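Only one structure is covered here, and it is reproduced in the block below.
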Amino acid sequence: APAPKKPRAAGPQARELASPELLAPARFALEMYNRGRAAGTRAALRAVRGRVRRAGRGSLYSLKATLVEPPCNDPTVCQLPISKKTLLCSFEVLDELGKHMLLRRDCGPVDTKVTDDTNETFSSFLPLLNKDPLPQDFSVKMASIFKEFVTTYNRTYDTKEEARWRMSVFANNMVRAQKIQALDTGTARYGVTKFSDLTEEEFRTIYLNPLLQEEPGRKMRLAKSVSSL
Amino acid sequence: PPPEWDWRKKGAVTKVKDQGMCGSCWAFSVTGNVEGQWFLKQGTLLSLSEQELLDCDKVDKGCMGGLPSNAYSAIKTLGGLETEDDYSYRGHLQTCSFNAEKARVYINDSVELSQNEQKLAAWLAEKGPISVAINAFGMQFYRHGISHPLRPLCSPWLIDHAVLLVGYGNRSATPFWAIKNSWGTDWGEEGYYYLYRGSGACGVNIMASSAVVN
Chain A
1 APAPKKPRAA GPQARELASP ELLAPARFAL EMYNRGRAAG TRAALRAVRG
51 RVRRAGRGSL YSLKATLVEP PCNDPTVCQL PISKKTLLCS FEVLDELGKH
101 MLLRRDCGPV DTKVTDDTNE TFSSFLPLLN KDPLPQDFSV KMASIFKEFV
151 TTYNRTYDTK EEARWRMSVF ANNMVRAQKI QALDTGTARY GVTKFSDLTE
201 EEFRTIYLNP LLQEEPGRKM RLAKSVSSL
Chain D
1001 PPPEWDWRKK GAVTKVKDQG MCGSCWAFSV TGNVEGQWFL KQGTLLSLSE
1051 QELLDCDKVD KGCMGGLPSN AYSAIKTLGG LETEDDYSYR GHLQTCSFNA
1101 EKARVYINDS VELSQNEQKL AAWLAEKGPI SVAINAFGMQ FYRHGISHPL
1151 RPLCSPWLID HAVLLVGYGN RSATPFWAIK NSWGTDWGEE GYYYLYRGSG
1201 ACGVNIMASS AVVN
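Respectively, the protein sequence lines represent chains A and D. With the first letter of the first sequence counted as 1, position 45 gets the number 45 in this note's numbering; the numbers rise by one all the way through. With the first letter of the second sequence counted as 1, position 13 gets the number 1013 in this note's numbering; the numbers rise by one all the way through.
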């Protein structure tokens, strides 16, 4: 890991950390990143730096981590040239009394100019929002809202691990909804919906229609406007 | 156009439907439009089959997505649409079991509408609900009110959801489109989405179309 930097002035509750303190949240983020992958295909942590905000019993870690994907070993699926892929990831990990929860995960290859999706856009729009301290009972409140969500929308999860994962997606989504709310110039309210336990990618894949922007479709004649009828 | 219009109040719109875990919004947008056109021309509101389009429109890709322009063409080629009762929605691809004898609704043509929102409003008020496609930014978490995301976040060039314009108006001086969605009544305002009108928000004006019923 790179040498720890001098703490920067980033508000009374935010401070940059030396690497050893980041290892536990970084390992948890990595574990979440590798979730569902077989041994031998998991990414490894190469470097991490970040900062922490402490509030009440919780700490929110904002991490910048470099991950290395293993080289592709299956010649039937490998893309040439076969090489290790390095990723730059931003993670937000909440630690409350030793229990971790992944709130945000944005990863992109190091050598591409645009590394990620709308979350990055939000970050650039909302530098201040990201520095706001977390409420002291953030995760308690979130657990309560999630429980209400599960009841309202009759959600069942196969395993405890799945339920924990869905809760972390839910918490991440609540932060996203808050950001969308802050960027809306109308009167709309955003928050918990029946889709709140889905990642953005799941939501897009299941409910949206990418063909609308990809395919030209059949050409139709232009309607006469009603004024000229 | 009149200052406000709502086809729901005039009986031209069926109840909100639910596409389930399937990217079939295009089918719901088109059946909603045809339901409105048939009502205005024939005086009867029939709830029409999206499953028929999913199964029998071979140009589109069922739950993987589709285009309203192709769906109109499929309805013409097939020979009409069955009702929801006769060909019920399942939310996944099945073998096409369209029965021409059960078709209750026919279309003659389809048209592309203006990208000018004033003209769209005028067309809607006179001719009926309009099939449109929008950028669904923020809709995952939308609860109520008039949505108006910043333009860079809701680009008109990233259209990914088809819906139905059923009306327009103003709420406390904020102009809106009333949009029938297909995610069930337990989403949005009883299944409806309200989007800012007049600035091409989320590309609402880019892909407007309608069937033609003679």
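Cβ atoms here follow ideal geometry from the backbone N, Cα and C, with glycine treated the same way. Values in this document were obtained by computation on a predicted structure and should not be read as measured data.
Using a Cβ-Cβ cut-off of 7 Å, asparagine 1070/D counts as an interface residue toward chain A, since at least one Cβ of chain A sits closer than that to its own. Taking one beta carbon from each stretch, the stretch 1030-1045 of chain D and the stretch 1090-1109 of chain D have 3 or more pairs nearer than 8 Å; the two touch. DSSP lists Gly50/A and Phe91/A as the beta-bridge partner residues of leucine 63/A. Here the alpha carbons of alanine 1201/D and alanine 1162/D stand approximately 14 Å from one another.
Of all residues in the stretch 1140-1152 of chain D, the ones placed with a Cβ closer than 7 Å to any Cβ belonging to chain A are Gln1140, Phe1141, Tyr1142, Arg1143, His1144, Gly1145, Ile1146, Ser1147, His1148, Pro1149 and Leu1150, in chain order. Under the 7 Å criterion on CB atoms, aspartate 1006/D is classed as non-interfacial with respect to chain A. For tyrosine 1106/D, the secondary structure class from DSSP, reduced to helix, strand or coil, is coil. Ranked by Cα distance from methionine 142/A, the options Met101/A, Leu211/A and Gln213/A are led by Met101/A.
Leucine 1040/D: member of the alpha helix (DSSP H) spanning 1025-1042, first to last residue. Per DSSP, leucine 1054/D lies in no beta strand (DSSP E) segment; the continuous alpha helix (DSSP H) that holds it begins and ends at 1050-1056.
Interface with chain D (7 Å Cβ-Cβ cutoff): proline 70/A is excluded. Judged by their CB atoms, isoleucine 1159/D and glycine 1203/D are nearer to each other than the 7 Å cut-off.
Within the DSSP secondary-structure output, valine 1163/D pairs in a beta bridge with Val1132/D. An exposed status is given to threonine 152/A, since fewer than 16 other beta-carbon atoms sit within 10 Å of its beta-carbon.
Listed along chain D, the residues sitting closer than 7 Å to arginine 189/A by beta-carbon distance are Arg1143, His1144 and Gly1145.
Here phenylalanine 1176/D is bridged, per DSSP, to Gly1169/D and Tyr1196/D. The Cβ atoms of leucine 30/A and valine 48/A do not sit closer than 7 Å to each other.
Rounded to whole angstroms, the gap between the alpha carbons of glutamine 1115/D and glycine 98/A is 55 Å.
Segment contact: the stretch 1125-1134 of chain D against the stretch 157-168 of chain A, fewer than three CB-CB distances shorter than 8 Å; contact not assigned.
Under DSSP, tyrosine 190/A forms a beta bridge with Tyr1142/D. CA-CA distance, arginine 1171/D to glycine 1188/D, rounds to 16 Å. Residue-level contact by beta carbon holds for tyrosine 1196/D and chain A, with a gap shorter than 7 Å. Against chain A, a Cβ distance below 7 Å from isoleucine 1075/D picks out nothing, because the smallest value is about 12 Å.
For cysteine 1025/D, the neighbours in chain A by C-beta distance under 9 Å run, in chain order, Tyr207, Leu208, Asn209 and Leu212. With respect to the 7 Å criterion, valine 1166/D and valine 1013/D are classified as neighbours on the basis of their beta carbons. In the displayed model, valine 68/A falls within a strand according to three-state DSSP. Those residues of the stretch 135-148 of chain A placed with their C-beta closer than 7 Å to a C-beta in chain D do not exist. When the beta-carbon positions are compared, arginine 46/A and valine 68/A come within less than 7 Å of each other. Chain A has a Cβ within less than 7 Å of the Cβ of lysine 1119/D. Following the DSSP letters along the chain, one finds methionine 101/A inside the beta strand (DSSP E) bounded by residues 99-109.
A distance below 6 Å between beta-carbons, with the five flanking residues on each side excluded, links threonine 199/A to the following residues of its chain, in chain order: Val169. Comparing alpha-carbon positions, the option among Ser1088/D, Thr1174/D, Ala1125/D and Ser1155/D lying closest to lysine 1010/D turns out to be Ala1125/D.
Per the DSSP secondary-structure output, tryptophan 1123/D pairs with nothing in a beta bridge. With contact defined as three or more Cβ pairs closer than 8 Å, the stretch 1169-1183 of chain D and the stretch 1089-1098 of chain D are not in contact. The shortest C-alpha to C-alpha distance from phenylalanine 28/A to any of Phe91/A, Thr86/A, Val52/A and Ala39/A is the one to Phe91/A.
The C-alpha of leucine 1120/D lies about 59 Å from the C-alpha of glutamate 21/A.
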